[in-house]
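**Q** Counting in the working numbering, the sequence shown runs from 3 upward without gaps. First the structure, then my questions, so here it is.
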Amino acid sequence: MGENGRHRWFSFNHHRSASATSMPQNNPGETPAEFLCPITGFLMSDPVVVASGQTFERISVQVCRNLGFAPKLHDGSQPDLSTVIPNLAMKSTILSWCNRKKVEHPRPPDYAYVEGVVRARMDKEPGTGNRVARSEILPPVAENSPSDYDSVMGAIRARSRNSISSSTSLPLHHHRPVTYSSSSEVFAGAENTNPIQSSFSTSDYSSFPPMSEEEEEIYNKLRSANTVDHEQGLILLRKTTRSSESSRISLCTERLLSLLRSLIVSRYNIVQTNAAASLVNLSLEKPNKLKIVRSGFVPLLIDVLKSGSTEAQEHVIGALFSLAVEEENKMVIGVLGAVEPLLHALRSSESERARQDAALALYHLSLIPNNRTRLVRAGAVPMMLSMVRSGESASRILLLLCNLAACSEGKGAMLDGNGVAILVGKLREGGADSEAARENCVGALLTLSVGNMRFRGLASEAGAVEILTEIVESEGGSERLKEKAGKILQAMRGGEREFGEGAEAREWNRMLEASGLSRSQLQGGQKEGFAYSSQF
């Protein structure tokens, strides 16, 4: 399988000829690590994302599941193989990379070869701790199925019916959205057959801790066949978790989560809305965030965000924001397709709270490079520049643009989209009226200026020197704002050679005195780069 052993577990030379077509034919060291299956080390032909967020070759996951084995990865983590969803974004990226590099498109590796790799790993890890219970294995989601979300929901319901008694526990691993109390006490007196009601009994949970009276009351209502009971149970759960931290922890159980998974996609708006609001409340506690994502909620939340009721969509956006705060959830939420519907909500939602939560969710997702690329490719940059120009949610949008400008694709899109002139114009017109908005606006310009010769011409044409000099020399404003403005000016003036004798040198000395920075600090800005950090 070649070198790059950090991403390969084994090297079976006698299988090289059978599987060589899955490897790029150029220097393997040039292949991005994220394009390689962590099990085989091959360029992935059919990447899928599993419940714990990692991406594998589909055949690798199938072999592991058929053998009932969950291997440990090179970082010591153990993937959750219970759910498989096609990673279409990764597949498209790999094929585009192959086309650019003139590399043959990858082909699926030989099943027998992958089985040999996994069996060898099983021999090296003889303990039973890495075995996957058969009841935890869900069928893969077919890429050409009518609806990926329908398949995911079917798989989740199957797991709720068949594997809830498994003793395998799910691993647990700021700024909070608002909690929600009940918005309606009116019950629609219609009846509905609960699709999972007949599949649950007390004996199903024999391996789980006994229920508290509080949980048992809610559980019995949610598992009922009557829609009125569902509504009452969800409103009770929503009220109980609204302000009680201990209740949010104690009620985030696999029993209740399994019922919420079905109710959050209910055809009844009041049921769907209260289920989504209850999930927001549960997600506020850090121990619950990863547990909720690994329980399979993200595809369901995205489905509601696309086609649910208006109020339910508002709560779902809040839930995605809350879940995205957790570092380990950011990649999974992005891979599963939350970026585009969140962008749509940011642009089109009639609710100010929904737009704010969508911006916050996208901000947290954009803290990792892969999601920045997803945002840029989804058309986020022109949309956000347009919003900045019109004055919509300026501070949060500017903060998002700071993150997007940190990746090469985002920087290019902002420069191509007249972003420099828009940001400078915002400063000149006083549109960035709050201190935070001004700092985020200057921060976005600073990120664009780092290591970019094109920026200097665009900023000069937009009249940036005048407005940035005013910021540096002003008596008001934070030192951090002045420091950022000074670094941009230093980059525009060409660095060290500009600090000569004469009127220009005296001008810089006045700027240094006004900002409180030393000459070395100002000159060192471009060398040291820009590490922007801010919290809402």
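Even for Gly, the Cβ is constructed at its ideal location relative to N, Cα and C.
Count the other CB atoms within 10 Å of the CB of R225; is the residue buried (16 or more) or exposed (fewer)?
**A** Translated into the one-based positions of the sequence shown, residue 225 becomes position 223. Buried, by the Cβ-count rule.
**Q** Can you grab the Cα-Cα spacing for the pair L265 / A91, in whole Å?
**A** Numbered from its first residue, the sequence shown carries residue 265 at position 263. Numbered from its first residue, the sequence shown carries residue 91 at position 89. Their Cα atoms are separated by approximately 29 Å.
**Q** Is any heavy atom of the ligand MG found at a distance shorter than 7 Å from the C-beta of L281?
**A** No copy of the ligand MG appears in this structure; indeed no ligand is present at all.
**Q** So for L38, helix, strand or coil by DSSP?
**A** By one-based count along the sequence shown, residue 38 stands at place 36. DSSP places L38 in strand when its eight states are reduced to three.
**Q** To which residues does DSSP link I87 through a beta bridge?
**A** By one-based count along the sequence shown, residue 87 stands at place 85. For I87, which the question treats as bridged, DSSP gives the partners V51.
**Q** Keeping to the same chain, check which residues put their C-beta closer than 8 Å to that of I61; ignore five residues upstream and five downstream.
**A** By one-based count along the sequence shown, residue 61 stands at place 59. Correct list, in chain order: D48, P110, P111, Y113, V116.
**Q** For G453, which option in A493, E468, L362, K428 has the closest C-alpha, if you only look at C-alpha atoms?
**A** Taking the sequence shown and counting its residues from 1, the one referred to as residue 453 is at position 451. Per the Cα distances, A493.
**Q** Checking 8 Å against the spacing of the C-beta atoms, do L367 and A407 come in under that value?
**A** Here residue 367 corresponds to residue number 365 of the sequence shown, with the count starting at 1. Here residue 407 corresponds to residue number 405 of the sequence shown, with the count starting at 1. Against a cut-off of 8 Å, the Cβ pair of A407 and L367 comes out as no contact.
**Q** Name, in chain order, the residues that DSSP records as bridge partners for L45.
**A** On the sequence shown, residue 45 is found 43 positions in, with the first residue counted as 1. L45 is bridged to L38.
**Q** Do you know offhand how far L322's Cα is from C254's?
**A** Position 320 of the sequence shown, counting from 1, holds the residue named residue 322. Position 252 of the sequence shown, counting from 1, holds the residue named residue 254. Approximately 17 Å between the Cα atoms of the pair.
**Q** Assuming contact is defined by CB atoms lying nearer than 8 Å, are G310 and Q274 in contact in what I supplied?
**A** The residue you call residue 310 lines up with position 308 of the sequence shown. The residue you call residue 274 lines up with position 272 of the sequence shown. It is a contact, given that the beta carbons lie within the stated cut-off.
**Q** Answer yes or no: does any C-beta atom of chain D fall closer than 8 Å to that of P384?
**A** Checking the listed chains, one finds no chain D in this structure; it contains a single protein chain.
**Q** How would you write the range of the beta strand (DSSP E) that T242 sits in, first residue to last?
**A** Along the sequence shown, read from residue 1 onward, the residue named residue 242 stands at position 240. Element bounds for T242: not the beta strand (DSSP E) but the alpha helix (DSSP H), 229 to 245.
**Q** Please list the terminal residues of the continuous beta strand (DSSP E) segment that includes T57.
**A** Within the sequence shown, residue 57 is the residue found at index 55, counting from 1. 57 to 59 is the span of the beta strand (DSSP E), which, as asked, contains T57.
**Q** On a CA-only basis, which of A53, K104, G488 is nearest S84? Give me that one, please.
**A** Here the question's residue 84 lines up with position 82 in the sequence shown. Minimum Cα distance to S84 is reached at A53.
**Q** Go ahead and label H232 buried or exposed: buried means 16 or more other beta carbons lie within 10 angstroms of its beta carbon, across all protein chains shown.
**A** For the purposes of this step, residue 232 is taken as residue 230 along the sequence shown, with counting starting at 1. It counts as buried.
**Q** Is it the case that the Cβ atoms of P40 and F58 are separated by a distance below 8 Å?
**A** In the sequence shown, residue 40 corresponds to position 38, counting from 1. In the sequence shown, residue 58 corresponds to position 56, counting from 1. Cβ atoms of P40 and F58: closer than 8 Å.
**Q** Going by beta-carbon coordinates alone, are V295 and N331 separated by less than 8 Å?
**A** By 1-based counting over the sequence shown, the position of residue 295 is 293. By 1-based counting over the sequence shown, the position of residue 331 is 329. In this structure, N331 lies closer than 8 Å to V295 by Cβ.
**Q** Thinking C-alpha only, which one of C100, V86, V65 is nearest V120?
**A** Translated into the one-based positions of the sequence shown, residue 120 becomes position 118. With distances taken between Cα atoms, V120 lies closest to V65.
**Q** Going by C-alpha distance, which of L45, N101, I87 is nearest G336?
**A** Taking the first residue of the sequence shown as 1, we reach residue 336 at position 334. Comparing Cα positions, the closest option is I87.
**Q** How would you label D305, buried or exposed, when you count the other beta carbons within 10 angstroms and need 16 or more for buried?
**A** In the sequence shown, the residue the question calls residue 305 occupies position 303. Buried, by the Cβ-count rule.
**Q** What's the C-alpha gap between E316 and V467?
**A** Position 314 of the sequence shown, counting from 1, holds the residue named residue 316. Position 465 of the sequence shown, counting from 1, holds the residue named residue 467. Each residue's alpha carbon lies about 42 Å from the other.
**Q** On the CB-based measure, 16 or more other CB atoms within 10 Å of its CB, does A360 come out buried or exposed?
**A** Taking the sequence shown and counting its residues from 1, one reaches residue 360 at position 358. The residue in question, A360, is buried, as its Cβ has 16 or more Cβ neighbours within 10 Å.
**Q** Report, in whole angstroms, the separation of the C-beta atoms of Y221 and L259, which I expect to be a contact under 8 Å.
**A** Against the sequence shown, residue 221 aligns to sequence position 219. Against the sequence shown, residue 259 aligns to sequence position 257. Between L259 and Y221 the Cβ distance is about 11 Å, and since that is not below 8 Å, they are no contact.
**Q** If I follow the unbroken alpha helix (DSSP H) through R122, where does it start and stop?
**A** The residue labelled residue 122 in the question sits at position 120 within the sequence shown. According to the sequence as given, residue 122 is Ala; it is not Arg. Counting along the chain, the alpha helix (DSSP H) containing A122 begins and ends at 113 to 126.
**Q** Tell me the rounded alpha-carbon separation between S245 and V390.
**A** Here residue 245 is taken as the residue at index 243 of the sequence shown, counted from 1. Here residue 390 is taken as the residue at index 388 of the sequence shown, counted from 1. Roughly 36 Å between the two C-alpha positions.
**Q** Do G412 and V378 have their C-beta atoms closer together than 8 Å?
**A** Taking the first residue of the sequence shown as position 1, residue 412 is located at position 410. Taking the first residue of the sequence shown as position 1, residue 378 is located at position 376. Their beta carbons are under 8 Å apart, which means G412 touches V378 by this criterion.
**Q** In its own chain, which residues sit with a C-beta less than 8 Å from the C-beta of L483, not counting the 5 before and 5 after it?
**A** Sequence index remark: in the sequence shown, residue 483 carries index 481 (1-based). Same-chain partners within the cutoff: E437, R440, E441, V444, I473.
**Q** In the DSSP assignment, what are the bridge partners of F457?
**A** Reading the sequence shown from its first residue, position 455 is the one you call residue 457. Per DSSP, none; premise fails for F457.
**Q** If you measure between the beta carbons of M385 and L403, is that distance less than 8 Å?
**A** As a first step, residue 385 is located in the sequence shown; it is residue number 383 there, counting from the start. As a first step, residue 403 is located in the sequence shown; it is residue number 401 there, counting from the start. No, Cβ-Cβ distance for M385 and L403 is not below 8 Å.
**Q** Can you list, in chain order, the residues of its chain whose CB lies under 7 Å from that of V318, leaving out five sequence neighbours each side?
**A** Taking the sequence shown and counting its residues from 1, one reaches residue 318 at position 316. Counting only Cβ-Cβ distances below 7 Å, and skipping sequence neighbours, we find A278, L303, V306, L307, G310.
**Q** Measuring alpha carbon to alpha carbon, tell me which of T312, L369, V341 ends up nearest R355.
**A** Taking the first residue of the sequence shown as 1, we reach residue 355 at position 353. When only C-alpha atoms are compared, the closest one is T312.
**Q** So A461 and V426 are supposed to be a Cβ contact under 8 Å. How far apart are they, rounded?
**A** The residue given as residue 461 occupies position 459 in the sequence shown. The residue given as residue 426 occupies position 424 in the sequence shown. Sure, about 7 Å apart at Cβ, within 8 Å.
**Q** Just to confirm my understanding: we take D82, look at its own chain, exclude 5 residues before and 5 after, and list those with CB closer than 7 Å. What are they?
**A** On the sequence shown, residue 82 is found 80 positions in, with the first residue counted as 1. Only V52, A53, S54, R296 meet the Cβ criterion.
**Q** Should R250 and E216 be called a contact, given that it needs their Cβ atoms to be closer than 8 Å?
**A** For the purposes of this step, residue 250 is taken as the residue at position 248 of the sequence shown. For the purposes of this step, residue 216 is taken as the residue at position 214 of the sequence shown. Against a cut-off of 8 Å, the Cβ pair of E216 and R250 comes out as no contact.
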